[in-house]
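In UniProt numbering, the protein residues as written are 1 to 350.
Ideal Cβ positions, reconstructed from N, Cα and C, are used throughout, including at glycine.
In this text, all values refer to a predicted model and were calculated from it rather than measured experimentally.
Input: a single structure, listed below in structure tokens.
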């Protein structure tokens with residue numbers, strides 16, 4: 001393909017207006033620069049917000065941000081499909097960079113609609129898939145589009161995948177793994193039961209909605225805490241830490257401690273007290289690793305973070321992943337900003 005041929009770049013800059021510095025921006029800039037230097041005609045597809053939630057909006061401000069970082073003009077076009085978009089893309093000069101209209105302003109994007117993906121693919125002759133944090137998303141501009149156009153991963157995505165391959169071998173292939181799952185996304189609960197590339201899970205610590213769901217399934221009271229339904233007889237073979245004390249937001253709004261069997265009807269669980277004795281039998285830290293996805297508690301109460309501190313004290317290495325984890329936890333080992341994308345890698349791979 002000649003440098004003048006139109007190249008589509010499926011970006012992952014799902015950030016809010018006003019954000020200037022973010023790992024998602026850094027990743028895409030590093031991947032775009034070599035393409036820019038080659039003189040490629042680059043047409044960027046990007047999603048922002050959520051159509052169903054009404055948070056998607058036009059993103060001309062992203063063009064200004066990219067221009068500032070790339071130190072060259074970046075244009076913005078209001079649409080990403082339709083005759084006008086096709087005509088616009090066909091007449092772009094060599095070396096130009098354009099970001100098209102937000103793909104999530106169309107419901108078909110998050111439906112992974114094939115016809116919508118075919119129209120997007122018509123803008124270019126080759127596709128580069130960037131945005132590691134969105135790699136697992138079944139969106140038309142990220143998934144279905146691959147059926148209609150030759151594609152490859154961006155330098156940033158490939159670097160992340162290579163790093164995960166290395167970590168899978170170094171940290172998880174031949175070690176006992178401490179699995180730590182928190183946050184409020186259902187994908188964490190799915191991962192609890194499906195982590196094929198973590199063959200040596202030795203014990204499990206859960207927080208957030210994962211903890212609420214496990215407590216509920218075991219018949220323990222969780223008050224008004226949100227949860228996902230699990231079978232009432234749910235069992236998990238590795239050792240699972242069940243806290244004796246949880247921190248709740250009481251009806252008064254205050255944070256209070258409760259025994260796990262005495263959570264009140266209007267309580268909401270926000271944290272738990274971790275007992276470092278859960279790691280007392282670990283005498284050879286080099287035989288262990290940890291895999292931490294999602295913060296174990298809300299930022300206002302961090303008793304559960306003793307689990308992370310205990311791992312650090314013992315000298316156990318592992319992987320922290322996800323934006324919330326990296327912003328709310330004092331990390332001390334390997335990190336990745338792609339939470340769901342990393343979970344997908346360690347469950348079914350790419």
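Residue i (DSSP reduced to helix, strand or coil)
i: residue 170; result: helix
i: residue 51; result: coil
i: residue 87; result: helix
i: residue 110; result: helix
i: residue 329; result: coil
i: residue 342; result: helix
i: residue 322; result: coil
i: residue 292; result: strand
i: residue 74; result: coil
i: residue 155; result: helix
i: residue 116; result: helix
i: residue 160; result: helix
i: residue 147; result: helix
i: residue 134; result: helix
i: residue 314; result: helix
i: residue 127; result: strand
i: residue 23; result: helix
i: residue 10; result: strand
i: residue 141; result: coil
i: residue 59; result: coil
i: residue 334; result: strand
Rounded distance between the beta-carbons of residue j and residue i, thought under 8 Å
i: residue 299; j: residue 328; result: 5 Å
i: residue 325; j: residue 295; result: 6 Å
i: residue 302; j: residue 281; result: So it is not a contact: roughly 25 Å between Cβ atoms.
i: residue 46; j: residue 102; result: 7 Å
i: residue 39; j: residue 89; result: Not quite, the Cβ-Cβ distance comes to about 17 Å (not below 8 Å), so this is no contact.
i: residue 304; j: residue 321; result: Not quite, the Cβ-Cβ distance comes to about 17 Å (not below 8 Å), so this is no contact.
i: residue 269; j: residue 219; result: Rounded, the Cβ-Cβ distance is 15 Å, inconsistent with contact.
Euclidean distance between Cα positions of residue i and residue j
i: residue 124; j: residue 162; result: 27 Å
i: residue 119; j: residue 108; result: 11 Å
i: residue 1; j: residue 7; result: Because the pLDDT of residue 1 is 49, which lies under 50, any placement of that residue in the model is unreliable, and the number read from its coordinates should be weighed accordingly. When rounded, the distance between both Cα atoms is 9 Å.
i: residue 113; j: residue 98; result: 23 Å
i: residue 14; j: residue 116; result: 20 Å
i: residue 58; j: residue 105; result: 8 Å
i: residue 194; j: residue 335; result: 21 Å
i: residue 17; j: residue 64; result: 11 Å
i: residue 75; j: residue 85; result: 13 Å
i: residue 12; j: residue 264; result: 42 Å
i: residue 147; j: residue 121; result: 9 Å
i: residue 138; j: residue 283; result: 43 Å
i: residue 82; j: residue 140; result: 15 Å
i: residue 221; j: residue 213; result: 11 Å
i: residue 131; j: residue 143; result: 12 Å
### Task
Give, in chain order, every unbroken run of the alpha helix (DSSP H) that is at least 4 residues long and sits entirely within the region 182-211.
186-193
Margin query: Counting beta carbon pairs with one atom in the region 150-166 and one in the region 18-33, are three or more of them shorter than 8 Å?
Written below: yes
Going residue by residue through the region 213-285, where are the continuous beta strand (DSSP E) segments of at least 3 residues, counting only ones entirely within it?
239-241, 245-249, 255-259 and 268-272
* Please determine if the region 236-249 and the region 199-209 are in contact, where contact requires at least 3 C-beta pairs separated by less than 8 Å. => yes
ask   = On the three-pair Cβ rule with 8 Å, is the region 62-78 touching the region 127-140?
value = no
Flag this pair as touching only if the region 340-348 and the region 181-199 have three or more C-beta atom pairs under 8 Å; answer yes or no.
yes
If contact is defined by three or more beta carbon pairs under 8 Å, each pair taking one atom from either stretch, is the region 177-189 in contact with the region 248-267? no
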